[in-house]
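Protein chains in written order, with our numbering: chain A, 230 to 336; chain B, 1228 to 1356.
To start, the structure itself, in structure tokens.
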């Protein structure tokens, strides 16, 4: 269990680093969205593959402009609880909300 | 090779199966139809409200999963994600990328929008080797 928890923290940290290096202090710009999305998702996935574990990964990224509107996200999974897991990271700056979810499924 | 060894042997007997049977792959188009129909049916005429929408979101995710379990081919794991948000004048972008085997694994998505809310549902099907 300890190993699982520290692996989750490590994943969290890596994703936050990936998001900050891509968006950092930028304000929301519609023209740059595609670039940011690809950047975040690609760097998260490459960080995960560097861990070298026998997992298949799904990385989902949601970028939302801060405008006062509400957002909810939920996920349900049909898998093996003992070997598979997920983690979600929420990041924000003055104009952007960014939610990254990572699902890892054991092969 | 008796007693507990025999039990271990029986529980982990090899099926010698390398991939899903032909015709038993994750059916992306059928899943997409089920997703779209579920979203349309359950969100028609619903107004966004911050209190009820979090439960609505979770309920939709569980509902979609239970519908897909019926049509899910054997040895496939499912991951379903639902995003529900208020239709304001903001920009939103949802993206996903996965590390999977393109021969056996796939994903689908469906979008619903009305005057007060929008919903995006994402389902990935992964073959369990």
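Backbone N, C-alpha and C define an ideal beta-carbon position, used for all residues, glycine too.
- Assignment of residue 1283 (chain B) by DSSP, reduced to helix, strand and coil, places it in the helix class.
- Neighbourhood of residue 1311 (chain B) in chain A, by CB distance below 7 Å: 301, in chain order.
- Setting aside the 5 residues that flank it on each side, residue 319 (chain A) is surrounded in the same chain by 328, each with a C-beta closer than 7 Å to its C-beta; the list follows chain order.
- Beta-carbon to beta-carbon, residue 1346 (chain B) and residue 1355 (chain B) are separated by about 28 Å, too far to satisfy the 8 Å threshold.
- Contacts with chain A at 9 Å (Cβ-Cβ) do not include residue 1294 (chain B).
- Per DSSP, the continuous alpha helix (DSSP H) segment holding residue 262 (chain A) begins and ends at 262-279.
- Contacts with chain A (Cβ-Cβ distance below 8 Å) from the segment 1236-1267 of chain B involve no residue at all.
- Here residue 245 (chain A) is not near residue 325 (chain A), since their CB atoms are 9 Å or more apart.
- Within the model, the alpha-carbon separation for residue 1299 (chain B) versus residue 256 (chain A) is close to 42 Å.
- Contact annotation: in the segment 264-291 of chain A, residues whose CB is within less than 9 Å of a CB in chain B are 265, 266, 267, 269, 270, 271, 273, 274, 277, 278, 284, 285, 286, 287, 288, 289, 290, 291.
- Remark: fewer than three beta-carbon pairs, one from each stretch, lie closer than 8 Å, so the segment 1274-1290 of chain B and the segment 265-283 of chain A are not flagged as touching.
- Proximity of the segment 1241-1258 of chain B to the segment 1321-1339 of chain B meets the contact definition, three or more beta-carbon pairs being nearer than 8 Å.
- The beta carbon of residue 314 (chain A) does not come within 9 Å of any beta carbon belonging to chain B, so the residue lies off that interface.
- Annotation for residue 1334 (chain B): the continuous beta strand (DSSP E) segment containing it runs 1333-1340.
- At the C-beta level, residue 1315 (chain B) and residue 298 (chain A) come within 9 Å of one another.
- Within the segment 285-310 of chain A, the complete beta strand (DSSP E) segments of 3 residues or longer fall at 300-307, listed in chain order.
- Around the C-beta of residue 247 (chain A), 16 or more other C-beta atoms lie within 10 Å, and the residue is accordingly described as buried.
- With its beta carbon at least 9 Å from every one in chain A, residue 1271 (chain B) lies outside the interface.
- Shortest Cα-Cα distance from residue 295 (chain A) to any of B:1313, B:1249, B:1350 involves B:1313.
- Residue 1348 (chain B) is not a Cβ neighbour of residue 289 (chain A), given a cutoff of 9 Å.
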